[in-house]
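**Student:** Everything in the sequence shown is counted per this note's numbering, starting at 40 for the first residue and increasing by one.
Even glycine gets a Cβ: it sits at the ideal position worked out from N, Cα and C.
These figures come from a predicted structure and were not determined experimentally.
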Amino acid sequence: MPAALVAAGLGAALAAGCGARPDVTGLGEAAAAPPRAARNQAAAQPADTTPPGTAPADTAPADTSALAGGGPIDASAPAPSDTSAPASIAPDTPAPTVPAPPTTTAPPPGAYAGADAAAVGANELGEVPILMYHQIVADPKGVYDRRPEDLRAELERLASEGYVPITAADYAKGDFRAVPAGAHPVVLTFDDSTTSQLTLGADGNPAPDTAVAILFGVAAAHPGFRPVATFYVNKDPFAESGKTTLPWLVAHGFEIGNHTLNHTNLHNKSSDEVRMALATLQNVVVTAVPGYTITTMALPQGAKPADMAAAVDGTVGGTTYHFAAVMLAGAEPAKSPFRADYNPASVQRIRSQGPDGPEPEWASTAWLDRLAQHAEVRFTSDGDPNWISFPAAAAGDLAPAYAARAHPY
Ligand SMILES: [Zn+2]
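Encoded structure:
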């Protein structure tokens, strides 16, 4: 990948904010996808120039069929909303509906106690890969499925390249305490709560070749590679109502996130429908894990509703939800939550994918290659969670709320 293309891609991604990305314009156009420059240009054009989407891409067919009651995906729906099209599709919502970063703005206690920031290349305004997985199966049915050996290899790669998994909730809260100096956070997310992700055997342990078993295996072989992840679940989680699996996940340090009850594409849904889809799923989780607080959510198929505020906060009956971050379905690294241009209502994820297949340049292998080649754009911890270290030239990128914690070098 030429460096110029990388730089253009990263720069354009920042400039465009939440631009048109392949996951949300549909896999069907993948083969004819315009080059990156054209794509980014298109992102700034009115909605009617946006290429028509086909069936949205978040889920494999098996997933939607498993969600009885959710109905088939409406393939006639316009390209869902992460496309940045400014007018007719839900816009990239501006500040009023965005939750404020929850991290304290108070001055940090004590002096900086981290590593030599320059020596470790600390950049806590850098990019964080949030990887998106679906089914982990021996016989993939589409680009969203990965084989157990694919997942294992990707996790091995992350471990060998100095990544440390944190949950999406940790990321959203700006909590990087688990990431040592010089290491990089990565967020592993698994959508749709399928049995290929977690099935507990008769012995109470994850069955071989499930995602959780693979993660445990890699973590055991790589001290420091934490076996944590975030699971965005729908109703009947892991095909056992979540009765055993959800408490097990929480007890083992995993995060449970909201993916709506019926895997509803929220584009064109009313505010009440959005709230109902989220509140009812929250009730499923809290029934299985009393007292559990869901912190983050992932939009099915990455599709935003017109009323993004309803996707962030809501109350239905006696159920109130609030999300510190709303995850999209693609297709680039996420911004540091400490940046001024970070939008917690539109957090990018990266589809896990090898170097081949549809639009591999937007998927995990290519992005991890780029982050390895351009380490200066990657989030690298300073080892002191109270201070936010970054090269002095990037000072203008820091959100004002974090000014008291700034540690430029
Ligand atoms: Zn999904």
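#1: Considering only their Cβ atoms, is the gap separating residue 225 from residue 207 smaller than 8 Å?
#2: Using the Cβ count rule (16 or more neighbours within 10 Å means buried), how would you classify residue 216?
#3: Take residue 404 as the anchor and find which of 324, 391, 248 and 442 has the nearest alpha-carbon.
#4: Quick check: the Cα distance between residue 134 and residue 296, rounded to an integer number of angstroms?
#5: Near residue 274, which residues of its chain fall below 6 Å by C-beta distance, leaving aside the five closest residues on each side in sequence?
#6: For the beta strand (DSSP E) that residue 210 lies in, which residues bound it at each end?
#7: Confirm, please, whether the CB-CB distance from residue 271 to residue 230 is below 8 Å.
#8: Is any non-hydrogen atom of ligand 1 found closer than 7 Å to the C-beta of residue 298, if you look at the structure I gave you?
#9: Could you tell me which of 265, 308, 309 and 235 sits nearest to residue 284, measuring between CA atoms?
#10: Since residue 228 contacts residue 169 with CB under 8 Å, what's their CB separation in whole angstroms?
#11: Roughly how many whole angstroms lie between the Cα atoms of residue 46 and residue 413?
#12: Whose C-alpha, out of 171, 193 and 194, is nearest the C-alpha of residue 183?
#13: Mapping the DSSP letters down to three states, classify residue 265 as helix, strand or coil.
#14: Report the residue from 156, 220, 256 and 162 whose alpha carbon sits nearest the alpha carbon of residue 376.
#15: So the candidates are 361, 341, 395 and 360; which of them puts its Cα closest to the Cα of residue 369?
#16: Taking 7 Å as the cut-off, is the CB of residue 339 close to at least one heavy atom of ligand 1?
#17: Would you list the residues sitting across from residue 224 in a DSSP beta bridge?
#18: So residue 362 and residue 334 are supposed to be a Cβ contact under 8 Å. How far apart are they, rounded?
#19: Under 7 Å from any heavy atom of ligand 1, does the C-beta of residue 302 make it?
#20: For residue 343, is the classification buried or exposed, using 16 other Cβ atoms within 10 angstroms of its Cβ as the cut-off for buried?
#21: Looking at the unbroken beta strand (DSSP E) that takes in residue 310, where does it start and where does it end?
#22: Cβ-heavy atom distance between residue 231 and ligand 1 below 7 Å?
#23: Would DSSP call residue 390 helix, strand or coil?
#24: Please identify the residue among 238, 372, 258 and 266 whose C-alpha is closest to the C-alpha of residue 205.
#25: What are the start and end residues of the alpha helix (DSSP H) that includes residue 256?
#26: If you run the structure through DSSP and keep just helix, strand and coil, what is residue 188?
#27: From residue 417 to residue 156, what does the alpha carbon distance come to, in whole angstroms?
#28: Please state whether DSSP places residue 289 in a helix, a strand or coil.
#29: Please report how far the alpha carbon of residue 178 lies from the alpha carbon of residue 406, in whole angstroms.
#30: When you compare each of 383, 326, 331 and 372 to residue 351 by their alpha carbons, which one comes out closest?
#31: In the DSSP assignment, the beta strand (DSSP E) including residue 352 goes from what residue to what residue?
#32: Taking the alpha-carbon positions, what's the residue 402 to residue 389 distance?
#33: Going by the beta-carbon positions, is the gap between residue 310 and residue 337 smaller than 8 Å?
#34: Helix, strand or coil, according to DSSP, for residue 159 in the structure here?
#35: In chain order, which alpha helix (DSSP H) runs of at least 4 residues are fully inside the segment 358-442?
**Tutor:** So, to answer that:
#1: no
#2: exposed
#3: Ranked by Cα distance from residue 404, the first of 324, 391, 248 and 442 is 391.
#4: The pLDDT assigned to residue 134 is 37, lower than 50, so where the model puts this residue is not dependable; a value taken from the coordinates is nonetheless given after this. Going from the Cα of residue 134 to the Cα of residue 296 covers about 23 Å.
#5: So the qualifying residues of the chain are 300 and 323.
#6: Element bounds for residue 210: not the beta strand (DSSP E) but the alpha helix (DSSP H), 207-212.
#7: yes
#8: For ligand 1, at least one heavy atom lies less than 7 Å from the Cβ of residue 298.
#9: Looking only at 265, 308, 309 and 235, the smallest Cα-Cα distance to residue 284 is reached by 235.
#10: With a contact defined as Cβ atoms closer than 8 Å, residue 228 and residue 169 qualify at about 6 Å.
#11: Low confidence applies here, because residue 46 scores a pLDDT of 36, under 50, leaving its location unreliable and the question unanswered by this model.
#12: 171
#13: coil
#14: Closest by alpha carbon: 162.
#15: 341
#16: yes
#17: 203
#18: 7 Å
#19: yes
#20: buried
#21: No beta strand (DSSP E) holds residue 310; the alpha helix (DSSP H) holding it covers 310-327.
#22: yes
#23: strand
#24: 266
#25: Note, residue 256: alpha helix (DSSP H), 250-260.
#26: Three-state result, residue 188: helix.
#27: 14 Å
#28: helix
#29: 24 Å
#30: Answer by Cα proximity: 383.
#31: 352-355
#32: 6 Å
#33: no
#34: helix
#35: 403-412
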